[in-house]
Amino acid sequence: MGELTGAEIVLKVLESQGINTVFGHPGGAILPLYDCLPGSSIKHYLVRHEQGAVHMAEGYARSTGKIGVAFATSGPGATNTVTGLVDAKMDSIPVLVVSAQVPMSLIGKDGFQEADTVGITLPATKHSDMVRDINDLEKTLLDAFRIILDRRPGPVLIDIPKDVLMAKTKYPRYSQNVIKRNPRFESGDVQDAARALCEAKRPVVYFGGGIINADASEQLTRLIRELNLPATSTLMGLGAFAGTDPLFLGMLGMHGLYPANMAIYESDCILAVGVRFDDRVTGKLSAFAPRAQIIHIDVDAAEIDKNKKAAFPIVSDAAPALDLLYEESVKYLKEGHAGREKSMENWWGVIREWQKSRPLKYNLKKDVIKPQQVIEQLYRQTKGDAIIVTDVGQHQMWAAQYYLYDKPRNWITSGGLGTMGYGMPAAIGAQLGNPGRTVVAVVGDGAFQMTMQEMALLMNKTVPVKLVIFNNHFLGMVRQWQDLFYEKRFTATDLTSSPDFVMLAQAYGIDALRVDKPDKLEDSVRKMLESEGAFLLDIIVDHEEHVYPMVPAGAASHDMIVQKETDLLYMD
Amino acid sequence: MKHTVSVLVENKSGVLARVAGLFSGRGFNIDSLTVGETQDPSMSRMTIVVNGDDAVLEQVNKQLNKLIDVVKVQDFKTASFVEAELVVMKLHSNSKTRSEIVQIADIFHGKILDVTDKNIIIEATGTTDKVDSLINLLRPYGIKEMARTGKVALAKG
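Just so you know, the sequences run in chain order A and B.
Quick note, the first sequence lines up with residues 99 to 670 if you use the working numbering.
Quick note, the second sequence lines up with residues 973 to 1129 if you use the working numbering.
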């Protein structure tokens, strides 16, 4: 046991916890930490803005299941992480941000690059703390790992004054074992819940990102298949249950599939697991699942009854709860319930009718590329096995609807916060966590420009992210709302003053191509996927296309606009 | 509807901001909040009176429980508890009204902290209801300044 500096201790603790990748940007206060980096096993990726660092950490975390780590210096470095932190908090992503602070003697004196980082990040994190004493550093960092992983994951920020990074103390003082999640069942009557689920005439499973965080896909799949249950996913849950499984109804909510939203509306019993009844899912809350008894499984007790009253509240990690629910359901069904098969057959009959009468659809055009057809092309050519990372907007919804995710962690998107600019940095993080896999960043021409400086990380052939820009020269989703709800007053959504993305990519040394003809789409996508390094494909898509179905904000979720009025003419 | 919640927290900087921030961020209304050290100097007890229905109270409890620095949350919705708060009031008084004011204060076991030819300062403790009644009785004499601590509470037994 020797003496180490605070900076060395930070790196040692990260190494002991299996962290080998960090995203960040140096600056005055954090220099002592950066100075030690070459002596550690940690590989650091230099971002061009700290928001990008947190999104990269998020993409890395979501695609690997490990903790993503970002470094930022004091003041503006730390404040730039706030959007990423809130994004990670909303989507329950395990992220650690280590920020440096001005020396203790300058705190509160408005020192150069001083900001009250802990104060600013109080509501932006699961927890944030400042280390004022070098002797507390090791424990505070280890506690940060515990807090990040305990129950519902989330971001933690640890702020360390520069003089604490430079001070020396004994190390190690605590166990160096890797801190792991401790999934446990806490409370709830599973037997009653299983009975309700098995006795229901029109049951539906509504699952979300909690399944992915809990690595409970197997447990979920086993239960759904054993009970022959219709299942629908939130935006965050896609891939937790196979998208190609006939029992899957697709996503629900504002841009959910018609059969999914209708099944919820008609259901008499909903198994809600790893979800939080978000307004983008429920629409008007009182009209959401009005006839259903709700079994709500969540690891965060505060989610139970927050938005929707649960008849069967179960506070638990998803995996043990689903195991118990499976066992109890199998036990119950063994008693022999002859009527169930028949009633499930009827229920599936109703659902199959909805699927037949209201499938996802769009109309192809000869002269202009439809955004949906791009996603279909990506799906076909990647055989459904790419990691798809999106930005926020129309392209995000099409990527959720038209790409079928068969495995968890292949779909990465900013759900709760809806952070434009998330896509490319998160894709870089995902690629670094999954070398050798195909990672496609699906971004809009608007969102892309919020963090496009991170293209600098793609210059290196080791980050071969495929960037697909859905370029409609508009802020498409905002334009859609203006078209539908603001009498076509398209204020401030025109993006025709954007740069030439192909030239921009080339300036970064990235291969790039533009395509605007439907008959060239397939070849262009192939060229992109076959390229060795990073590639930018600028796809000019129909700017008039809307995302459908759509539940207008605040409307009941079964009141969907199924397609554009003008498109009704093309209906067959 | 008013609820009293007693929250045991780590006695360290930023905890008050974290709890207060949770209330404002989630739109919960604080009626009063007191905080002070407990018998264990590493812990503080906050007594928070929150305005809202049962659903709000439930969310308050659950959200407080998620804060890392919160050790224990106790809501007095069902448990019986004792409560007290302290008020200090500066009133207009002259030779005519002084004895009346002192009499009223006496009924409430109040103390006279200071008297001048124009003012009188009274201190009283009791339940929030009792403090409210004292204030109402003294209001006609003209309250110049007033400070209340807000309620502190402990479970009975």
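Just so you know, even glycine gets a beta-carbon here, dropped at the ideal spot from N, CA and C.
{"Asked": "Which runs of the alpha helix (DSSP H) fall wholly inside the region 552–596 of chain A and span at least 4 residues, in chain order?", "Found": "574–583"}
{"Asked": "What residue range is occupied by the uninterrupted alpha helix (DSSP H) comprising residue 130/A?", "Found": "129–134"}
{"Asked": "Using a 10 Å radius around the Cβ and a threshold of 16 neighbouring Cβ atoms, would you call residue 108/A buried or exposed?", "Found": "buried"}
{"Asked": "Please report the distance separating the alpha-carbon of residue 358/A from that of residue 379/A.", "Found": "11 Å"}
{"Asked": "Quick one: which unbroken alpha helix (DSSP H) runs of 4-plus residues sit fully inside the region 280–317 of chain A? Chain order, please.", "Found": "288–297, 307–311"}
{"Asked": "What residues from the region 367–401 of chain A come within 9 Å of chain B, judged by C-beta to C-beta, listed N to C?", "Found": "398, 399, 400, 401"}
{"Asked": "Closest to residue 642/A by C-alpha separation, out of 576/A, 207/A, 157/A, would be which residue?", "Found": "576/A"}
{"Asked": "Chain B beta carbons: is any one of them nearer than 8 Å to that of residue 221/A?", "Found": "yes"}
{"Asked": "Who are the Cβ neighbours of residue 1015/B in its own chain at under 8 Å, not counting the five residues just before and after it?", "Found": "980, 981, 982, 983, 1009, 1043"}
{"Asked": "Closer than 8 Å is the cut-off here; do at least three beta carbon pairs connect the region 516–531 of chain A with the region 355–374 of chain A?", "Found": "no"}
{"Asked": "Rounded to whole angstroms, what is the Cα-Cα separation between residue 100/A and residue 236/A?", "Found": "14 Å"}
{"Asked": "Rounded to whole angstroms, what's the CA-CA distance from residue 306/A to residue 427/A? Just pull it up for me.", "Found": "21 Å"}
{"Asked": "At a CB-CB cut-off below 8 Å, which residues of chain A make contact with residue 1046/B?", "Found": "What residue 1046/B touches in chain A: nothing, since even the nearest Cβ is about 16 Å away."}
{"Asked": "For residue 443/A and residue 375/A, what's the separation of their Cα atoms in angstroms?", "Found": "28 Å"}
{"Asked": "Less than 7 Å between C-beta atoms, sequence neighbours within five positions excluded: which residues of the same chain meet that for residue 1004/B?", "Found": "1021, 1122, 1123"}
{"Asked": "Three-state secondary structure (DSSP) at residue 116/A?", "Found": "coil"}
{"Asked": "Is there a Cβ from chain B that is less than 8 Å from the Cβ of residue 123/A?", "Found": "no"}
{"Asked": "Would you verify that the beta carbon of residue 1116/B is, or is not, closer than 8 Å to some beta carbon of chain A?", "Found": "no"}
{"Asked": "State the CB to CB distance for the pair residue 1023/B and residue 1001/B, rounded to an integer number of angstroms; the pair is presumed to be in contact (CB under 8 Å).", "Found": "4 Å"}
{"Asked": "Just tell me which of 1116/B, 976/B, 991/B has its CA closest to the CA of residue 1060/B.", "Found": "1116/B"}
{"Asked": "Spell out whether any CB of chain A is found under 8 Å from the CB atom of residue 1002/B.", "Found": "no"}
{"Asked": "Quick check for students: name the residue ranges of the alpha helix (DSSP H) that lie wholly in the region 198–238 of chain A, counting only runs of 4 or more.", "Found": "215–219"}
{"Asked": "Who are the near neighbours of residue 149/A in its chain, counting only those whose CB is closer than 6 Å to its CB and skipping five residues on each side?", "Found": "178, 181, 182"}
{"Asked": "Give the residues of chain A in contact with residue 1030/B, contact being defined as C-beta atoms less than 7 Å apart.", "Found": "403"}
{"Asked": "Touching or not, the region 410–430 of chain A and the region 445–464 of chain A, by the rule of three or more beta carbon pairs under 8 Å?", "Found": "no"}
{"Asked": "Mind checking if residue 669/A is an interface residue toward chain B, Cβ cutoff 8 Å exclusive?", "Found": "Low per-residue confidence applies at residue 669/A: pLDDT is 36, beneath 50, and the placement is therefore not dependable enough to give any value."}
{"Asked": "Would you call residue 391/A buried or exposed, if buried means 16 or more other Cβ atoms sit within 10 Å of its Cβ?", "Found": "buried"}
{"Asked": "Tell me, please, whether the CB atom of residue 172/A is closer than 8 Å to any CB atom in chain B?", "Found": "no"}
{"Asked": "So, using beta-carbon positions, are residue 489/A and residue 334/A closer together than 8 Å?", "Found": "no"}
{"Asked": "Going along chain A in order, which residues have a C-beta closer than 7 Å to the C-beta of residue 1040/B?", "Found": "225, 245"}
{"Asked": "With H, G and I counted as helix, E and B as strand and the rest as coil, what does DSSP make of residue 440/A?", "Found": "helix"}
{"Asked": "Span of the alpha helix (DSSP H) holding residue 533/A?", "Found": "Here residue 533/A belongs to no alpha helix (DSSP H), and DSSP marks it neither H nor E."}
{"Asked": "In the region 190–218 of chain A, which residues sit with their C-beta less than 9 Å from some C-beta in chain B, listed in chain order?", "Found": "216, 217"}
{"Asked": "Please identify the residue among 1099/B, 1094/B, 1129/B, 1127/B whose C-alpha is closest to the C-alpha of residue 1119/B.", "Found": "1094/B"}
{"Asked": "For residue 169/A, which residues does DSSP report across the bridge?", "Found": "122/A, 196/A"}
{"Asked": "Measuring alpha carbon to alpha carbon, tell me which of 644/A, 316/A, 259/A ends up nearest residue 213/A.", "Found": "259/A"}
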